[in-house]
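Below: the structure, in structure tokens.
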Amino acid sequence: MEKIKYLIIGNGIGGLSAAREIRSHDKEGSILLISSEPYLTYYRPKLTEGIFEDFTVDSLLVYDESWYKQRNIKTLLETTVKKIDIDNNIVYLDDSRKIGYEKLLIATGSRPFIPPFKGKDKEGVFALRTLQDLNEFKEFLKSCNTVSVIGGGLLGLEAAWSLKQLGKEVNVIEFAPYLLPKQLDRELANRLEEKLNSLGLRIHTNSQVEEVLGDGRTNGIKLNGDKVIPTDAVLVSSGIRPNLDLIVDTSIEYDKGIKVDSQMRTNVENIFAVGDVVEVEGMVLGLWTVANEQGKVAGANMVGLEKEYKQPKVFTTLEIGDIKVFSAGDINNFDRIYEYKDSSKDIHHKIFTKNRITTGVILFGDIKDRNKFNTAIVSQLPVEELLKKDDRFKKA
Ligand SMILES: Cc1cc2nc3c(=O)[nH]c(=O)nc-3n(C[C@H](O)[C@H](O)[C@H](O)COP(=O)(O)OP(=O)(O)OC[C@H]3O[C@@H](n4cnc5c(N)ncnc54)[C@H](O)[C@@H]3O)c2cc1C
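Quick note on this note's numbering: the sequence shown kicks off at 9 and runs consecutively.
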């Protein structure tokens, strides 16, 4: 049986980033990346633009084949790991081979969460996670005029805009009373909704899909309150769930995602985990940058160095057409708001403070100062310091 020094399950950015880090410290040890997908690691976030832009697989790849060859990083594509035998350090593959390992990294990512509405298996209901999903969706879209996106989060809104640019009529169905409740307050969320509607999207907040209608193929959706919206296709964008199937029957600890320490080590000494499959402070983050950073940390620790992962403060940027929005920090737990408004330029900025410390910010319209505000939040800057040379902001 073949034995690999560093075995990595999943070649998303988490797995790739770990392989890169391992090779930069250990020039000799064997590295094998195994993936169920048939492609080398590609930029998954670019799938959203891929809805309306033509692309080649090569243009999406993080590195081409020669990069792997030069570094002697081996890949095994279109192959799924079916089982991990923790006691004997062996993985079993779907082609009935088995491979031994010294150190194992689980970087199996996540899959879309599809809420349990009726008709979710009808033809015309899609979720976008892989290049294969995108190709199938695009093929189906050729015979569609109207598409409904279920979920008005960041990814849902970006996908809706791509569909609009492709020339489709687009509905966005959002369960919450207003868009992006973690990132925006009601006033600015309403402003965003108006602007998205003026770009031609049809936003339905406070709405829940109860059923996808149609005889075999989708022809409508039924919302709460028996409202029916005709639609030719549905794109579900309602969050993710970590791919835990491989570990649920093992002694690896998990809750929402795999539990890891600050070195990205699971409770099993020689097994690490990174990316969308892990939980950090009780949350599954689902971000490219986080998986990339965690991969670096795991890679370093797998070769025996000591590196710690520090959870960065998460911020959000949304750019759709000429709409620009930036949000960072906590905008729901404050005792004062400072505001700057320039209606002629459609700019509205809000700074949220608690005990005079800058805790959150929303920049609407003009986001060029986002780094300055983000740094103020990360460093917990007193608001007087932040506004020392800026007399535009007034207490709200
Ligand atoms: C459409 C879209 C847009 C996005 N946009 C953004 C964005 O703008 N910004 C951002 O920060 N993030 C974005 N993300 C999220 C980002 O892509 C993910 O956080 C990131 O890809 C996670 O990387 P990962 O390595 O953990 O897992 P993944 O990228 O999910 O890769 C895991 C791989 O493991 C494989 N695998 C799973 N189980 C097995 C097994 N048993 N055997 C073998 N292989 C297996 C899977 O097939 C997959 O190829 C977006 C995601 C999508 C889908």
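Ideal Cβ positions, reconstructed from N, Cα and C, are used throughout, including at glycine.
> Considering only residues of the same chain and omitting the five flanking positions on each side of residue 149, which have a CB-CB separation below 6 Å?
Replying inline: Residue numbering aside, residue 149 sits at position 141 when the sequence shown is read from its first letter. Answer for residue 149: no residue qualifies.
> Quick one, are the C-beta atoms of residue 242 and residue 65 less than 8 Å apart?
Replying inline: Counted from its first residue, the sequence shown places residue 242 at position 234. Counted from its first residue, the sequence shown places residue 65 at position 57. It is not a contact, given that the beta carbons lie outside the stated cut-off.
> Do you know how far the Cα of residue 376 is from the Cα of residue 234?
Replying inline: Looking up residue 234 in the sequence shown gives position 226. Looking up residue 376 in the sequence shown gives position 368. One C-alpha to the other measures close to 44 Å.
> Should residue 296 be listed as close to ligand 1, given that the test is whether its C-beta is under 7 Å from any heavy atom?
Replying inline: Stepping through the sequence shown from its first residue, residue 296 is reached at position 288. Yes, Cβ of residue 296 sits closer than 7 Å to a heavy atom of ligand 1.
> Residue range of the alpha helix (DSSP H) that residue 30 falls in?
Replying inline: Indexing the sequence shown from 1 puts residue 30 at position 22. Bounds of the alpha helix (DSSP H) holding residue 30 are 21-33.
>> Could you pull the DSSP bridge partners for residue 291 from this structure?
In response: Position 283 of the sequence shown holds residue 291. Its beta-bridge partners are 288.
> Shortest alpha-carbon distance to residue 238 belongs to which of 247, 178 and 284?
Replying inline: Translated into the one-based positions of the sequence shown, residue 238 becomes position 230. Of the candidates 247, 178 and 284, the one whose C-alpha sits nearest the C-alpha of residue 238 is 178.
> Nearest-angstrom Cα distance between residue 76 and residue 88?
Replying inline: Residue numbering aside, residue 76 sits at position 68 when the sequence shown is read from its first letter. Residue numbering aside, residue 88 sits at position 80 when the sequence shown is read from its first letter. One alpha carbon belongs to residue 76, the other to residue 88, and they sit about 20 Å apart.
>> Is it buried or exposed, residue 33, if we count other Cβ atoms within 10 angstroms and call 16 or more buried?
In response: As a first step, residue 33 must be located in the sequence shown, where it is residue number 25. The residue in question, residue 33, is exposed, as its Cβ has fewer than 16 Cβ neighbours within 10 Å.
>> Following a CB-centred definition, is residue 52 positioned closer than 7 Å to any heavy atom of ligand 1?
In response: The residue you call residue 52 lines up with position 44 of the sequence shown. Yes, the Cβ of residue 52 comes within 7 Å of a heavy atom of ligand 1.
> With 16 as the cutoff for other CB atoms within 10 Å, does residue 291 come out buried or exposed?
Replying inline: What you label residue 291 is simply residue 283 of the sequence shown in a count that begins at 1. Burial call: exposed.
> Nearest CA to the CA of residue 37: which residue from 55, 194 and 81?
Replying inline: Here residue 37 refers to the residue found at position 29 when the sequence shown is read from its first residue. Comparing Cα-Cα distances from residue 37 to each of 55, 194 and 81, the minimum goes to 81.
>> Assuming the contact rule is C-beta atoms closer than 8 Å, residue 115 and residue 18 should be a hit. Round their C-beta distance to whole Å, please.
In response: Residue 115 sits at position 107 when you count from the first residue of the sequence shown. Residue 18 sits at position 10 when you count from the first residue of the sequence shown. Contact flag correct, Cβ pair sits at about 4 Å.
>> Do residue 119 and residue 249 count as a contact pair if the criterion is CB distance below 8 Å?
In response: As a working mapping, residue 249 is identified with position 241 in the sequence shown. As a working mapping, residue 119 is identified with position 111 in the sequence shown. In this structure, residue 119 lies closer than 8 Å to residue 249 by Cβ.
>> Which of the three DSSP states is assigned to residue 337 in this structure?
In response: For this step, residue 337 is matched to residue 329 along the sequence shown. Three-state DSSP puts residue 337 in a strand.
>> I need the straight-line Cα distance from residue 220 to residue 164, nearest angstrom please.
In response: Taking the sequence shown and counting its residues from 1, the one referred to as residue 220 is at position 212. Taking the sequence shown and counting its residues from 1, the one referred to as residue 164 is at position 156. The alpha-carbon atoms of residue 220 and residue 164 are separated by roughly 18 Å.
>> Could you check if residue 37 belongs to the surroundings of ligand 1, using beta carbon to heavy atom distance under 7 Å?
In response: Numbered from 1 along the sequence shown, position 29 holds the residue referred to as residue 37. Residue 37: no, Cβ never under 7 Å from ligand 1.
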